[in-house]
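Following: one structure in structure tokens, then a few remarks.
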Amino acid sequence: MNSENNWISDVKRITEECYEGNWDFHESADEYSYHHLYILFPEFTISNSTGQEHLIRELYLRLSFNNNGILSDISATRGTVTQAEIQSNYPHSHIGSNAVRGGWGGFCWGSGPIRRQIESLQRRFDPLMFEAFILAMDTYLQWESLEGGPYQYMADVKKRMNIRNVDTSVLEDTFKRFINVCTDVNFTVVEGRKIEIDPTDEDFMASILPLVKEEHLVMRTNDGQFFTEGENQEYDNKDLHFEFKGEKVYLKVIDDDPPEENSAKYPHPQITEYIAQKLSRKLTLYAYKTGTRTPRQTESVVIGGIMVQDM
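Position one of the sequence shown corresponds to residue -4 (our numbering), numbered consecutively onward.
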């Protein structure tokens, strides 16, 4: 009994010294239950080696100990998340996605010193090792180790939806209408006469844009990823079924996401890729057939300096 009281008092003393007021300790009611230490990180910024940053609100760390002070489990959950985080299933770069929707998520630890500290505490409780570990957690939570391979990257946290596939009939219909109105496209010639059209060429996408219905328009991130804009949703506060300093803890979802930097509309990438590929094949076949690129002629469809017949 004295041994138990000693390690518990050490845990409380050290945690108060490291995280003054932002912790709570729940002692087990019997010898078969675990003791739980909760540490609250009210707000901090996680960053990485590329200079990206992301604000994390209300992260609860839970350390579970058996009656001898052996560390048995480490997990975390979030008390406040944004619409973008919950729609992206992102609680933290190194924490499992359960933690963003009211569950407890485990950590990916990599192979650094913090893993060795954990392994030591899983064998026996040592006050100095415990203090080193919980201090290291503060630094660990604020750094997204790209080299270590996080569960999820903060760069992927966006309030957006994945684009849906476009029906084949829409692709073919848009291609036919494009051929009727298009007068010119940018292209490159490779391997002699092979014609290639870049589906992401700005002029090419702009020429297709007027032909595409609103339901098939998408947005694009700064790094070229296409998406459809996410919608605000109503989320009720969710009971997380534990208490912190005598108060029930609830999951709250807030709408505090910055607007997308690029709000321009683009044709669905499947449409541009379909038209680019089909047109490239037809132009290439025509170039091989004629052996040359034919001058523009007003009585035929002329694209990029190549006369195209029998489309």
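The C-beta atom is built at its ideal place from N, Cα and C for all residues, glycine as well.
Please list the segments of the alpha helix (DSSP H) lying wholly inside the segment 99 to 163, counting only runs of 4 or more residues, in order along the chain.
-> 108 to 116, 122 to 136
Rounded separation between residue 231 and residue 21 - CA only = 27 Å
Same chain, Cβ closer than 6 Å to residue 36, five either side skipped, listed in chain order | Around residue 36, the same chain offers 54 as residues with beta carbons nearer than 6 Å, after the five sequence neighbours per side are excluded.
Would you list, in sequence order, the uninterrupted alpha helix (DSSP H) runs of no fewer than 4 residues that lie entirely inside the segment 195 to 219?
-> 197 to 203
Mark residue 19 as exposed unless 16 or more other C-beta atoms lie within 10 angstroms of its C-beta, in which case mark it buried.
-> buried
CB residue 1 to CB residue 29, shorter than 8 Å?
-> no
If you pair each beta-carbon of the segment 122 to 131 with each one of the segment 256 to 270, do three or more pairs fall below 8 Å?
-> no
Pairwise C-alpha distance: residue 181 and residue 201 = Here the C-alpha atom of residue 201 lies approximately 12 Å from the C-alpha atom of residue 181.
Which two residues bound the contiguous beta strand (DSSP E) that contains residue 41?
-> 30 to 42
For residue 38, collect the residues of the same chain with a Cβ closer than 8 Å to its Cβ; drop the 5 residues on either side in sequence, then sort them by chain order.
-> 50, 51, 52, 53
With DSSP collapsed to three states, give me the class of residue 264.
-> helix
Over the uninterrupted alpha helix (DSSP H) stretch that includes residue 79, give me the two end residues.
-> Element bounds for residue 79: 78 to 82.
Report the three-state DSSP secondary structure of residue 279 (helix, strand or coil).
-> helix
State the DSSP-derived secondary structure class of residue 96, mapped to helix, strand or coil.
-> Residue 96: coil per DSSP, three-state reduction.
Following the continuous beta strand (DSSP E) through residue 48, name the residue where it begins and the one where it ends.
-> 48 to 60
Contact set for residue 215: own chain, Cβ-Cβ below 8 Å, skip 5 residues either direction | 221, 222, 257, 259, 261
Range covered by the beta strand (DSSP E) that runs through residue 19 | Here the beta strand (DSSP E) through residue 19 covers 18 to 21.
Apart from the five residues on each side of it in sequence, which residues of its chain come closer than 8 Å, Cβ to Cβ, to residue 92?
-> Cβ neighbours of residue 92 beyond the five flanking positions: 84, 85, 86, 100, 146, 147.
Measuring CA to CA, which of 167, 44, 130 is closest to residue 144?
-> Among 167, 44, 130, the Cα nearest to that of residue 144 is on 44.
Taking all protein chains shown into account, do 16 or more other C-beta atoms lie within 10 angstroms of the C-beta of residue 112, making it buried, or fewer, making it exposed?
-> buried
Sort 139, 110, 25 by Cα distance to residue 128 and report the nearest one.
-> 110
Within this structure, are the beta carbons of residue 152 and residue 197 separated by less than 8 Å?
-> no
In three-state DSSP terms, what is residue 170?
-> The three-state secondary structure of residue 170, taken from DSSP, is helix.
Which residues bound the beta strand (DSSP E) around residue 67?
-> 66 to 73
The beta strand (DSSP E) spanning residue 234 covers which residue range?
-> 233 to 239
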